[in-house]
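> Pasting a structure here, questions to come.
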Amino acid sequence: MTSEKLAAVRGILFDKDGTLLDYDASWLPVNRELARIAAKDNADLADRLLSACGMDPVSGHVVPDSLLAAGNTRQISEGLVAAGSALDVDDLTLRLDELFADAAQFAVPVTDLGVFFRRMKERGYCLGVASSDNEASIRRTAQRFGFLDCLDYVAGYDSGFGVKPQPGMVHGFCQATGLSPDQVAMVGDNNHDLHMGRNAGVRLNIGVLTGTGSIDSLSEAADFCLEDITALESLLPALPALS
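In my numbering, the protein residues as written are -7 to 235.
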């Protein structure tokens, strides 16, 4: 890809979990708790629910692009009920949304996110977060790690822009910033993120390896696969100052 194409990027839209947050450190305990809730403390059922939704209950390995890796709260709830949870989908969705919002206080970032976002903002980029988590959880995470004031846009599955891999969250970012999709880079750890970018017609799809995705699972849809988001600083140039 030519430097001219890289230089055309004016905005960066980030996934949250597995992209800004280390997936294993942040979410494996939460996944076990959501299974406990859905199983009503039945340990054997909880293990079966985890397996059905994409997580090995022994090793903790989460399958790329599975429900637990890429699904939103309602999709996960529907999967848990389909796999044997006796709870009502609507009630379980509410309970899991509360769990996920509270989990922001235990999340583990992949780098000093406040410093990173401030540097990217100073380099001239519009910045946003689009997650399959709920919007309250995203905002709590951004507040906790000191980058909420750097964001031009925040969207969760419940923000009214549709869900991944539909293009709505990217279009919302463009509406909020005045950019066109071909000025946007989408950054994520799962194909739901990258397919959303592709469906919206973004300039760049960038995969990162801090989540459940791998080079093998991401390479078809990604223009670049990076070890983590800090590599964006060497990939994308500082933008010229506006006159």
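Think of the CB as a built atom: it goes at the ideal place given N, C-alpha and C, for glycine as much as any other residue. Source: prediction; values computed, not measured.
In the structure shown, what three-state DSSP assignment does E70 receive?
Here residue 70 refers to the residue found at position 78 when the sequence shown is read from its first residue. E70 falls in the helix class under three-state DSSP.
> Grab me the residues of T116's own chain with a C-beta within less than 6 Å of its C-beta, minus the 5 sequence neighbours each way, in chain order.
The residue you call residue 116 lines up with position 124 of the sequence shown. Contrary to the premise, residue 116 reads as Gly rather than Thr in this sequence. L231, listed in sequence order.
> Beta carbon of M178, beta carbon of N197: below 8 Å?
In the sequence shown, the residue the question calls residue 178 occupies position 186. In the sequence shown, the residue the question calls residue 197 occupies position 205. Yes, these two residues count as a Cβ contact at 8 Å.
> Looking at the secondary structure, which residues open and close the alpha helix (DSSP H) in which M47 lies?
Taking the first residue of the sequence shown as position 1, residue 47 is located at position 55. Premise fails: M47 is in no alpha helix (DSSP H) and is neither H nor E.
> Assign K8 to one of two classes, buried (16 or more other C-beta atoms within 10 Å of its C-beta) or exposed (fewer than that).
Within the sequence shown, numbered from 1, the residue matching residue 8 stands at position 16. When all chains shown are included, K8 counts as buried.
> Just to confirm, is the Cβ distance from V1 to R195 under 8 Å?
Counting from 1 along the sequence shown, the entry for residue 1 is found at position 9. Counting from 1 along the sequence shown, the entry for residue 195 is found at position 203. Cβ atoms of V1 and R195: closer than 8 Å.
> Quick test of your reading: A44 and A75, contact by CB under 8 Å. State the CB separation rounded to the nearest angstrom.
By one-based count along the sequence shown, residue 44 stands at place 52. By one-based count along the sequence shown, residue 75 stands at place 83. With a Cβ gap of about 4 Å, A44 and A75 count as contacting.
> Would you check if the stretch 63 to 75 and the stretch 196 to 215 touch, i.e. whether three or more CB-CB distances between them fall below 8 Å?
Touching, no.
> Below 8 Å between beta carbons: does that hold for L5 and F165?
The sequence position of residue 5 within the sequence shown is 13, counting from 1. The sequence position of residue 165 within the sequence shown is 173, counting from 1. Taking 8 Å as the Cβ cut-off, L5 and F165 qualify as a contacting pair.
> Return the CA-CA distance between S172 and A62, expressed in angstroms with no decimal places.
Here residue 172 refers to the residue found at position 180 when the sequence shown is read from its first residue. Here residue 62 refers to the residue found at position 70 when the sequence shown is read from its first residue. C-alpha separation (whole angstroms): 25 Å.
> Looking only at its chain, what residues have a beta carbon closer than 7 Å to the beta carbon of W19, apart from the 5 residues adjacent to it on each side?
As a first step, residue 19 must be located in the sequence shown, where it is residue number 27. Same-chain partners within the cutoff: D9.
> From this set, H187, D80, R28, S211, which residue's C-alpha is nearest P157's C-alpha?
The residue given as residue 157 occupies position 165 in the sequence shown. That would be H187, whose Cα lies nearest to the Cα of P157.
> Work out the CA separation of Q97 and R136 for me, nearest whole Å.
Translated into positions along the sequence shown, residue 136 becomes position 144. Translated into positions along the sequence shown, residue 97 becomes position 105. So the alpha carbons of these two residues sit roughly 7 Å apart.
> Quick check: the Cα distance between L84 and D94, rounded to an integer number of angstroms?
The residue you call residue 84 lines up with position 92 of the sequence shown. The residue you call residue 94 lines up with position 102 of the sequence shown. Distance between the alpha carbons of L84 and D94 is about 15 Å.
> Going by Cα to Cα distance, which pick from T103, G52, P56, G199 is closest to D14?
One-based indexing of the sequence shown puts residue 14 at position 22. Checking every option, the nearest Cα to that of D14 belongs to T103.
> R132: beta carbon under 7 Å from a heavy atom of the ligand FMN?
In terms of ligand content, the structure shown is empty, and the ligand FMN therefore cannot be addressed.
> State the beta-bridge partners of N197 as determined by DSSP.
Within the sequence shown, the letter at position 205 stands for residue 197. Its beta-bridge partners are M178.
> Please return the same chain residues whose Cβ sits closer than 7 Å to the Cβ of L41, not counting the five positions on each side in sequence.
Looking up residue 41 in the sequence shown gives position 49. Answer for L41: A27, A30, A31, L72, A75, G76, S77, listed in chain order.
> Verify whether the separation of the beta carbon atoms of L105 and G148 is less than 8 Å.
The residue you call residue 105 lines up with position 113 of the sequence shown. The residue you call residue 148 lines up with position 156 of the sequence shown. Result no, Cβ atoms of L105 and G148 do not sit closer than 8 Å.
> Taking all protein chains shown into account, decide if V50 is buried (16 or more other Cβ within 10 angstroms of its Cβ) or exposed.
Start at 1 with the first residue of the sequence shown, and residue 50 comes out as number 58. It is exposed - the Cβ of V50 has fewer than 16 other Cβ atoms within 10 Å.
> Just mark D208 as buried or exposed, buried being the case when its beta carbon has 16 or more other beta carbons within 10 Å.
For this step, residue 208 is matched to residue 216 along the sequence shown. The residue is exposed, with fewer than 16 neighbouring Cβ atoms inside 10 Å.
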